[in-house]
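Student: In full-length UniProt numbering, the protein residues as written are 1 to 292. Note that beta-carbon positions come from the ideal geometry of N, C-alpha and C, so glycine has one too. Please find one structure pasted underneath; my questions will follow.
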């Protein structure tokens with residue numbers, strides 16, 4: 001890839017460049033690829049961020065923080081960081097590859113989930129958020145993949161000061177959507193309109209919600225951040241979580257059975273593409289992140 005080097009907060013580029021196996025997704029900050037880590041003989045995901053976009057959006061600090069946080073986080077429900085390095089034109093961040101898709105894909109397929117399934121996801125997310133908050137880390141963007149705006153707390157939408165409580169609002173929105181198939185506040189066309197809609201709205205719990213779930217959501221979706229649930233003991237003693245052991249190892253053994261359409265097979269590159277090719281070709285082929 002021309003000159004490859006380690007940058008601030010990064011490790012040296014792998015001796016054997018990862019081989020691109022397929023395209024996973026394209027987000028606002030870069031492209032996600034499925035790759036083979038040749039050194040470890042392991043399939044991973046790599047986020048590829050164009051440096052020109054980092055400079056244009058002035059997000060260098062954000063990129064450094066993302067890598068730094070991922071390096072210090074060690075939790076069963078948080079993806080660990082593999083390597084991070086840079087080429088002439090791109091930053092590369094490698095992490096665990098998940099073959100079953102994301103929560104948004106599951107939600108779109110299922111429509112809504114049984115409360116027992118929602119309870120399991122909720123317990124796992126509570127453990128993660130408590131863990132991050134204990135480290136002084138705010139997530140600030142709890143959402144199902146590709147769902148924006150209407151999952152954010154009013155104080156985040158307004159651009160005003162916010163705290164860890166914003167993550168608990170987002171958790172409430174996510175759980176409401178998983179259990180009902182729709183969001184508590186309908187999406188708006190732009191950021192300002194969404195803020196007004198969130199400020200003025202008061203959602204109604206669907207009749208199929210159990211009293212325990214309705215209470216949990218009411219205690220998460222408070223407009224006043226000071227009144228939201230936030231500490232682990234709040235959830236451990238909550239009626240909705242009666243019988244749930246807030247233990248990561250035990251939760252991992254509790255199966256979730258949901259019928260999900262299989263992910264379409266990734267389009268393979270025509271040749272054994274490596275990051276040397278990718279770094280050179282991306283600008284010319286944004287919709288096909290490999291040469292050919």
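#1: In whole angstroms, give me the CA-to-CA distance for residue 311 and residue 24.
#2: Return the first residue and the last residue of the beta strand (DSSP E) that residue 211 is part of.
#3: Check residue 243 in the structure and name its three-state DSSP category.
#4: Spatial neighbours of residue 177 within its chain, please: CB distance less than 6 Å, with the 5 preceding and 5 following residues excluded, ordered by chain position.
#5: Looking at residue 44: is its Cβ nearer than 8 Å to the Cβ of residue 131?
#6: Kindly indicate the opening and closing residues of the alpha helix (DSSP H) around residue 121.
#7: Identify every run of the beta strand (DSSP E) within the segment 52 to 95, keeping only runs that are complete inside it and at least 3 residues long; order them along the chain.
#8: Please name the residue in 27, 116, 180, 37 whose C-alpha comes closest to that of residue 21.
#9: Label residue 117 either buried or exposed according to how many other C-beta atoms from any shown protein chain fall within 10 Å of its C-beta, with 16 as the threshold for buried.
#10: Count the other CB atoms within 10 Å of the CB of residue 146; is the residue buried (16 or more) or exposed (fewer)?
#11: What's the C-alpha gap between residue 152 and residue 71?
#12: Could you spell out the range, first to last residue, of the beta strand (DSSP E) harbouring residue 19?
#13: Three-state secondary structure (DSSP) at residue 50?
#14: By alpha-carbon positions, which one of 169, 142, 57 ends up nearest to residue 226?
#15: With C-beta atoms as the reference, is residue 119 less than 8 Å away from residue 240?
#16: Give me the Cα-Cα distance between residue 110 and residue 102, rounded to the nearest whole angstrom.
#17: Taking the C-alpha atoms as reference points, what is the distance between residue 52 and residue 30?
Tutor: If we stick to the structure as given:
#1: Shown here, the chain extends from 1 to 292; a query on residue 311 therefore has no answer.
#2: As a first step, residue 211 is located in the chain shown; it is residue number 211 there, counting from the start. It is not in any beta strand (DSSP E) - residue 211 instead sits in the alpha helix (DSSP H) that spans 211 to 220.
#3: Position 243 of the chain shown, counted from the start, is the residue given in the question as residue 243. DSSP places residue 243 in coil when its eight states are reduced to three.
#4: In the chain shown, counting from the first residue as 1, residue 177 sits at position 177. Closer than 6 Å at Cβ, skipping near neighbours: 183.
#5: Here residue 44 refers to the residue found at position 44 of the chain shown. Here residue 131 refers to the residue found at position 131 of the chain shown. No, the Cβ-Cβ distance between residue 44 and residue 131 is not below 8 Å.
#6: For this step, residue 121 is matched to residue 121 along the chain shown. Residues 115 to 134.
#7: 81 to 86
#8: Position 21 of the chain shown holds residue 21. Considering only alpha carbons, the answer is 37.
#9: Looking up residue 117 in the chain shown gives position 117. So residue 117 counts as buried.
#10: Position 146 of the chain shown holds residue 146. Reliability fails at residue 146, whose pLDDT of 32 lies under 50, so the model's placement of it is uncertain and the value that follows must be treated cautiously. With fewer than 16 other Cβ atoms within 10 Å, it is exposed.
#11: Counting from one through the chain shown, the residue named residue 152 turns up at place 152. Counting from one through the chain shown, the residue named residue 71 turns up at place 71. With a pLDDT of only 42 at residue 152, under 50, the local geometry of the prediction cannot be trusted, and the value read off the model is given with reservation. Rounded to the nearest angstrom, the two C-alpha atoms are 26 Å apart.
#12: Within the chain shown, numbered from 1, the residue matching residue 19 stands at position 19. Counting along the chain, the beta strand (DSSP E) containing residue 19 begins and ends at 19 to 27.
#13: Stepping through the chain shown from its first residue, residue 50 is reached at position 50. Residue 50 falls in the strand class under three-state DSSP.
#14: Here residue 226 refers to the residue found at position 226 of the chain shown. Closest option to residue 226, Cα to Cα, is 169.
#15: Indexing the chain shown from 1 puts residue 119 at position 119. Indexing the chain shown from 1 puts residue 240 at position 240. Against a cut-off of 8 Å, the Cβ pair of residue 240 and residue 119 comes out as a contact.
#16: Position 110 of the chain shown holds residue 110. Position 102 of the chain shown holds residue 102. Cα to Cα, the separation comes out at about 13 Å.
#17: Residue numbering aside, residue 52 sits at position 52 when the chain shown is read from its first letter. Residue numbering aside, residue 30 sits at position 30 when the chain shown is read from its first letter. Straight-line Cα distance between these residues: approximately 11 Å.
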